[in-house]
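Q: For the sequence shown, my numbering assigns the number 11 to the initial residue and increments by one for each residue that follows.
I am attaching a structure below and will ask some questions about it afterwards.
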Amino acid sequence: MSTLYDTERLKKADSASILHPATVVADVAEKGPRIIAEGKGCFITDTEGKSQLDAVGGLWCMNIGYGRPEIGDAMKKASDQLGYFHTFAGSSNPAQIQLAERLVAKMPDHINKVFFGSSGSDANDSLMKIVWYYNGLRGKPEKRKIISRRQAYHGTTIASASLTGLASFHRNFGLPIAEVKHTSLPHYYREAKPGESELDFSNRLARELEDLIIAEGPETVGAFIAEPIMGAGGVITPPEGYFSAVQKVLKKHDILFICDEVVCGFGRLGDWFGHRVYDIRPDMVATAKGITSGYFPLSAAFISDEIWNVLRDGSATLGAFAHGFTYSGHPVGCAAAMANLDILQNENLIGNAADVGAYLHTSLREALGDHAHIGEIRGHGLIGAIQLMADRDTKTGFDLKHKIAARCVAAIGELGVIYRPLPTADSLAFSPPLCLTRNEADQMVDALRKGLDQVIGGLNSEERKGLAA
Ligand code: PLP
Numbered sequence: 011m012s013t014l015y016d017t018e019r020l021k022k023a024d025s026a027s028i029l030h031p032a033t034v035v036a037d038v039a040e041k042g043p044r045i046i047a048e049g050k051g052c053f054i055t056d057t058e059g060k061s062q063l064d065a066v067g068g069l070w071c072m073n074i075g076y077g078r079p080e081i082g083d084a085m086k087k088a089s090d091q092l093g094y095f096h097t098f099a100g101s102s103n104p105a106q107i108q109l110a111e112r113l114v115a116k117m118p119d120h121i122n123k124v125f126f127g128s129s130g131s132d133a134n135d136s137l138m139k140i141v142w143y144y145n146g147l148r149g150k151p152e153k154r155k156i157i158s159r160r161q162a163y164h165g166t167t168i169a170s171a172s173l174t175g176l177a178s179f180h181r182n183f184g185l186p187i188a189e190v191k192h193t194s195l196p197h198y199y200r201e202a203k204p205g206e207s208e209l210d211f212s213n214r215l216a217r218e219l220e221d222l223i224i225a226e227g228p229e230t231v232g233a234f235i236a237e238p239i240m241g242a243g244g245v246i247t248p249p250e251g252y253f254s255a256v257q258k259v260l261k262k263h264d265i266l267f268i269c270d271e272v273v274c275g276f277g278r279l280g281d282w283f284g285h286r287v288y289d290i291r292p293d294m295v296a297t298a299k300g301i302t303s304g305y306f307p308l309s310a311a312f313i314s315d316e317i318w319n320v321l322r323d324g325s326a327t328l329g330a331f332a333h334g335f336t337y338s339g340h341p342v343g344c345a346a347a348m349a350n351l352d353i354l355q356n357e358n359l360i361g362n363a364a365d366v367g368a369y370l371h372t373s374l375r376e377a378l379g380d381h382a383h384i385g386e387i388r389g390h391g392l393i394g395a396i397q398l399m400a401d402r403d404t405k406t407g408f409d410l411k412h413k414i415a416a417r418c419v420a421a422i423g424e425l426g427v428i429y430r431p432l433p434t435a436d437s438l439a440f441s442p443p444l445c446l447t448r449n450e451a452d453q454m455v456d457a458l459r460k461g462l463d464q465v466i467g468g469l470n471s472e473e474r475k476g477l478a479a
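Listed below in structure tokens is the structure:
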């Protein structure tokens, strides 16, 4: 490690001063955090010198890999040139214009406009407000409700936490807001009825979506939001025919499709965007994370020409589009994003995600496909999850109170690889940097197998029993 740290002092100072996100407040105040100091390629190192393969890519965002000086170089150049200027009231800067051109070229033909922010949550908030603004201009101001899915994750601001379909993000905050409704979780493995085919399951879910729309009143529903593959909700891949059935329902009721590509975008699925993999024709697209591989907080929210035309025509009556952030179109962030796009493109990292991703999924199936406590190994490209099961023959899940996924992740971490526990889905997730090599994929599989055996082999009879679905 290149720098020496006084870890104990840093831990104390952290506990004395920081409210950590998504952390049990008392835990971190008592134990202190783990402090990550450096990263290179797929590996991170903490202040005590312990290195691990980061098979989660930070929070599903480290696409190009850690420690790429090109990003810092591009940011320094941009900052030296123009450290900041706002983009309100008609101002712009060359970096945001160049980035917008490059991004829009990667969108479907009918999407040609982008709005910049700083996070995935603000991208979803912005799109939700644009749905309201757009429908107001179309003379349909009551068409405001947004339908999301149970277990989905779309962020943590008041609107995006409402879109999130996980109880822990609602409870204690009085959410979701009234405009947000949730429909069925498209997890075939756990949610299908006995004997139901994948296609029948998808069609049933589309009918349930339509039932909800009709119950709410189609004239009150403005948009549906979905990730191509649900990330934090369990890495749920869409069942066969799901998006085509859903899109038919949306079209019938004049409801927009917001595609949340915050995790799936920029190569994670072995293609530039998830909507290309699953034949989605979105009206709006939210991106963040992989747009800069996490090196700078930046989001890009895209809208279709149809929506843009209504916004443009509405200017005469509404005046300014009164929405935006101090950091919208930040020149340093846009420069970081362009250097990130260069690396993704020049080093064929998206092709690598497809290739090493396929290798990793095959290796996982070979190593663990018959494991008595793994019900499903799912995912696509370089994203996936391992579904834990107390008894896979009877599809009996473990009792979540035993936190077995978290315990497995801790054991695998000791073996040198970071996975992420997804408690609601009782799964272990991975989304490593797209520069992952086959050797590193082998390391992921090996540590996973050993860590699972260690924890599951040590369960007592009570923990082993599980709870029927
Ligand atoms: N959408 C999805 C699919 C996400 O996974 C996330 C974050 O994990 C968000 C939105 C929110 O992004 P942020 O944390 O940058 O606000």
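Where is the CB? At the ideal position from N, CA and C, for every residue including glycine.
1. Under three-state DSSP, which class holds F179?
2. Are F283 and N73 closer than 7 Å when you measure CB to CB?
3. Can you have a look at H340 and say buried or exposed, based on whether 16 or more other CB atoms are within 10 angstroms of its CB?
4. In the DSSP output, which residue or residues are listed as bridge partners for L266?
5. Could you check where the alpha helix (DSSP H) with V366 kicks off and where it finishes?
6. Using 6 Å as the cut-off, classify the Cβ of E473 as near or not near the heavy atoms of the ligand PLP, replying yes or no.
7. Report yes if the C-beta of Y305 is less than 6 Å from at least one heavy atom of the ligand PLP; otherwise report no.
8. Are the stretch 52-72 and the stretch 430-440 in contact at 8 Å, needing three or more beta carbon pairs?
9. For the alpha helix (DSSP H) that P104 lies in, which residues bound it at each end?
10. Output needed for S101: all residues of its chain with C-beta closer than 7 Å, excluding positions within five of it in sequence on either side, in chain order.
11. For the 8 Å Cβ check, are there 3 or more pairs between the stretch 330-345 and the stretch 166-179?
12. Using a Cβ-Cβ cutoff of less than 8 Å, which residues in the same chain neighbour G426 once the five nearest sequence positions on both sides are dropped?
13. Is E220 near the ligand PLP - that is, is its Cβ less than 6 Å away from at least one heavy atom of it?
14. Just to check my reading of the structure: D270 and N145 have Cβ atoms closer than 8 Å, yes? What is that Cβ distance to the nearest angstrom?
15. Would the beta-carbon of R278 fall within 7 Å of that of G149?
16. Out of curiosity, what's the CA-to-CA distance linking Y337 and S128?
17. Looking at H164 and the ligand SAH, is the gap between the Cβ and the nearest heavy atom below 6 Å?
18. In the DSSP output, which residue or residues are listed as bridge partners for F125?
19. Compare the Cα-Cα distances from L215 to each of F179, L359, Q257 and report the closest residue.
A: So, from the listed chains and residues:
1. Your numbering for residue 179 matches position 169 in the sequence shown. Helix at F179.
2. On the sequence shown, residue 283 is found 273 positions in, with the first residue counted as 1. On the sequence shown, residue 73 is found 63 positions in, with the first residue counted as 1. Against a cut-off of 7 Å, the Cβ pair of N73 and F283 comes out as no contact.
3. Position 330 of the sequence shown holds residue 340. Buried, since its Cβ has 16 or more Cβ neighbours within 10 Å.
4. Indexing the sequence shown from 1 puts residue 266 at position 256. Bridge partners of L266: A233.
5. For the purposes of this step, residue 366 is taken as residue 356 along the sequence shown, with counting starting at 1. Residues 359-378.
6. On the sequence shown, position 463 is the one that residue 473 refers to. For E473, the Cβ stays outside the 6 Å cut-off from all heavy atoms of the ligand PLP.
7. Position 295 of the sequence shown, counting from 1, holds the residue named residue 305. Flag unset: Cβ of Y305 not near the ligand PLP.
8. yes
9. Translated into the one-based positions of the sequence shown, residue 104 becomes position 94. 104-114 is the span of the alpha helix (DSSP H), which, as asked, contains P104.
10. Position 91 of the sequence shown, counted from the first residue, corresponds to residue 101. Excluding positions up to five away in sequence, the list reads F95.
11. no
12. Numbered from its first residue, the sequence shown carries residue 426 at position 416. Counting only Cβ-Cβ distances below 8 Å, and skipping sequence neighbours, we find S61, Q62, L63, Q453, A457.
13. As a first step, residue 220 is located in the sequence shown; it is residue number 210 there, counting from the start. For the ligand PLP, not one heavy atom lies less than 6 Å from the Cβ of E220.
14. As a working mapping, residue 270 is identified with position 260 in the sequence shown. As a working mapping, residue 145 is identified with position 135 in the sequence shown. The Cβ separation is near 19 Å, so there is no contact.
15. Against the sequence shown, residue 278 aligns to sequence position 268. Against the sequence shown, residue 149 aligns to sequence position 139. Not a contact, by the Cβ cut-off of 7 Å.
16. Here residue 337 refers to the residue found at position 327 when the sequence shown is read from its first residue. Here residue 128 refers to the residue found at position 118 when the sequence shown is read from its first residue. Looking at the two C-alpha atoms, the distance is approximately 7 Å.
17. Looking for the ligand SAH in the displayed structure turns up nothing; the ligands present are the ligand PLP.
18. Taking the first residue of the sequence shown as position 1, residue 125 is located at position 115. In the DSSP output, where bridge partners are listed per residue, F125 has A311.
19. Taking the sequence shown and counting its residues from 1, the one referred to as residue 215 is at position 205. Residue Q257 is the option with its Cα nearest to L215.
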